[in-house]
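Enquirer:
2 protein chains.
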Amino acid sequence: MDHSPIVTALDRAGYRLTGPRRALAALIASHDGHFTAAELLAEARAKRLGVGRATIFRTLEVLEALEVMERLDLPSGERIYVVCKPAHHHHLVCSRCGRTDEIDDAGLRSVVGEIARRTGYRVDEHRLELFGLCPSCRASQPGPTSVSA
Amino acid sequence: MDHSPIVTALDRAGYRLTGPRRALAALIASHDGHFTAAELLAEARAKRLGVGRATIFRTLEVLEALEVMERLDLPSGERIYVVCKPAHHHHLVCSRCGRTDEIDDAGLRSVVGEIARRTGYRVDEHRLELFGLCPSCRASQPGPTSVSA
DNA sequence: GGCCTGTTGAGACTGCGTCTCATCTGTGTT
DNA sequence: AACACAGATGAGACGCAGTCTCAACAGGCC
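Structure representation (structure tokens):
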């Protein structure tokens, strides 16, 4: 259980490996790595982990700072938390089952460079988020399978 | 005053041109078209427009549906509202002065297509947001002027 | 002017996230 | 193994964005 990459990351960064943190790491892992804060809270309460709201948010904050997790705002306004590797990347979210995948640059860098050149902005940061249906949800859906943007 | 594009859009869509809506349209325009809900609220109150919180949010919701405005989530977690044209596009936000510019596709479409092909997802929607310094903030800033991503 | 329906404001309400503070617990030290 | 201390925690107050309800109001068409 301590081999959890989340626990490892906390340890490496010099954070204490406390009970609540280990419990949350396990919970997060069991969620396939993505969830809303509300879900995590409800589950922690249901399992009687004795972990307070404040601790949950604090831990998520730490994990975000460690780049182990990322907070994503869906177009619906919902906010989800996603486990990810500490490297620049973007997310692909299945709007039916909630599955998320990481995607790399895929040529975006040059698009951003082009925009900076055209507008005169100095671009420091960018976010790209894609939403759609993952392969398995596509399979179980009778609708069109074409790719659009 | 009624020539405001916001008022026009409301009218064209069959919404009533009420006092509160005209007042808000004027306020929004005076903000250079971008602001947080809190700013709009405070200003409406300060100017004693007699416009309630509910009406403000309702109006923003309508304007968003009409694609006259867009809601953007900044990396900081702050949520801003931006006036924009009703066409698919993306936003460039100056992290110092808050200025926003619209940007078109700029080659992003092919990046998205490439990602869809690679992952097997059917991509229905995407968001690209860029953050950095606008030309005038760059000018008044002694720091580096290089373009990075 | 009058009517009808869409719109409004006040304020209750919800829910996320933050903050405070007294208490507790990892963890390095001895 | 016990100690000490800083970091971590939980309970609950708090703040704030956004939603909802509902009675009252006011555009816009007659």
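Protein chains in written order, with the numbering used here: chain A, 1 to 149; chain B, 150 to 298. Even glycine gets a Cβ: it sits at the ideal position worked out from N, Cα and C. Bear in mind that the values here come from a model prediction, so they are computed numbers and not experimental data.
If Arg71(A) and Arg58(A) are in contact, beta carbons under 8 Å, what's the gap, nearest whole angstrom?
Expert: In this structure, Arg71(A) and Arg58(A) do not form a Cβ contact; the two beta carbons are roughly 14 Å apart against a cut-off of 8 Å.
Enquirer: From which residue to which residue does the beta strand (DSSP E) around Thr157(B) run?
Expert: Run containing Thr157(B): none in the beta strand (DSSP E); it sits in the alpha helix (DSSP H), 154-161.
Enquirer: With a threshold of 8 Å between beta carbons, is Arg276(B) in contact with chain A?
Expert: yes
Enquirer: Could you pull the start and end residues of the alpha helix (DSSP H) that Leu209(B) belongs to?
Expert: 202-214
Enquirer: What is the rounded straight-line gap between the Cα of Val62(A) and the Cα of Leu223(B)?
Expert: 19 Å
Enquirer: For the alpha helix (DSSP H) holding Cys97(A), just list the boundary residues, first then last.
Expert: Element bounds for Cys97(A): n/a, residue is neither H nor E.
Enquirer: So is the beta-carbon of Tyr270(B) under 7 Å away from any non-hydrogen atom of the ligand FAD?
Expert: Of the ligands one can find in the structure shown there are none, so the ligand FAD has no counterpart to examine.
Enquirer: State buried or exposed for Asp101(A), treating a residue as buried only when at least 16 other CB atoms are found within 10 Å of its CB.
Expert: Its Cβ being crowded by 16 or more others within 10 Å, Asp101(A) is buried.
Enquirer: Helix, strand or coil for Gly262(B) per DSSP?
Expert: Correct three-state label for Gly262(B): helix.
Enquirer: Taking the alpha-carbon positions, what's the Ser4(A) to Arg96(A) distance?
Expert: 28 Å
Enquirer: Using alpha carbons as the reference points, say which of Val82(A), Thr36(A), Glu125(A), Gly50(A) lies closest to Arg21(A).
Expert: Sorting Val82(A), Thr36(A), Glu125(A), Gly50(A) by C-alpha distance to the C-alpha of Arg21(A) places Gly50(A) at the top.
Enquirer: Does Ala214(B) pass the burial test, meaning 16 or more other C-beta atoms within 10 Å, or should it be called exposed?
Expert: exposed
Enquirer: Strictly under 8 Å for the Cβ-Cβ distance: is Gly256(B) near chain A by that measure?
Expert: Gly256(B) has a beta carbon lying within less than 8 Å of a beta carbon in chain A.
Enquirer: Please list the terminal residues of the continuous beta strand (DSSP E) segment that includes Gly132(A).
Expert: For Gly132(A), the enclosing beta strand (DSSP E) stretches over residues 122-133.
Enquirer: Which value, in whole angstroms, describes the spacing of the CA atoms of Glu263(B) and His89(A)?
Expert: The straight-line gap from Cα to Cα measures roughly 15 Å.
Enquirer: Does chain B have any CB closer than 8 Å to the CB of Gly120(A)?
Expert: Chain B, which has a Cβ nearer than 8 Å to the Cβ of Gly120(A), makes this yes.
Enquirer: Answer yes or no: do Cys94(A) and Cys134(A) have a C-beta to C-beta separation smaller than 8 Å?
Expert: yes
Enquirer: Among residues of its own chain, excluding the 5 on either side of Ala46(A), which ones have a beta-carbon nearer than 7 Å to its beta-carbon?
Expert: Here the set comprises nothing.
Enquirer: Considering only C-alpha positions, which residue in the set Arg197(B), Val217(B), Val231(B) is nearest to Val186(B)?
Expert: Rather than Val, the amino acid found at residue 186(B) in this sequence is Ala. Checked all of Arg197(B), Val217(B), Val231(B); the closest Cα to Ala186(B) is Val231(B).
Enquirer: Express the C-alpha separation of Asp181(B) and Tyr121(A) in angstroms, rounding to a whole number.
Expert: 18 Å
Enquirer: Return the residues of the region 67-79 of chain A that lie within a Cβ-Cβ distance of less than 8 Å from chain B, sorted by chain order.
Expert: If the cut-off is 8 Å between Cβ atoms, the region 67-79 of chain A has Arg71, Asp73, Pro75, Gly77 near chain B.
Enquirer: So Leu300(B) packs on Ile205(B), CB below 8 Å; how close in whole Å?
Expert: There is no way to answer for residue 300(B), as the model of chain B reaches only from 150 to 298.
Enquirer: In chain order, what residues of the same chain lie with their CB nearer than 8 Å to the CB of Asp160(B), ignoring the 5 residues before and after it?
Expert: Counting only Cβ-Cβ distances below 8 Å, and skipping sequence neighbours, we find Leu166.
Enquirer: Under the three-state reduction of DSSP, which class applies to Arg197(B): helix, strand or coil?
Expert: coil
Enquirer: Can you find the residues in the same chain that come closer than 6 Å, C-beta to C-beta, to Met69(A), ignoring five residues on each side of it along the sequence?
Expert: Excluding residues within five positions, the ones whose Cβ falls inside 6 Å are Leu63, Tyr81, Val83.
Enquirer: Helix, strand or coil: how does DSSP classify Thr268(B) here?
Expert: helix
Enquirer: Cα separation between Val112(A) and Val123(A)?
Expert: It is roughly 8 Å from the alpha-carbon of Val112(A) to the alpha-carbon of Val123(A).
Enquirer: What are the residues of the region 50-66 of chain A that lie near chain B, defined by any Cβ-Cβ distance shorter than 8 Å?
Expert: none
Enquirer: With distance defined between alpha-carbon atoms, name the residue in Leu128(A), Thr8(A), Arg138(A) nearest to Asp104(A).
Expert: Leu128(A)
Enquirer: Go ahead and label Gly163(B) buried or exposed: buried means 16 or more other beta carbons lie within 10 angstroms of its beta carbon, across all protein chains shown.
Expert: exposed
Enquirer: In three-state DSSP terms, what is Glu70(A)?
Expert: strand
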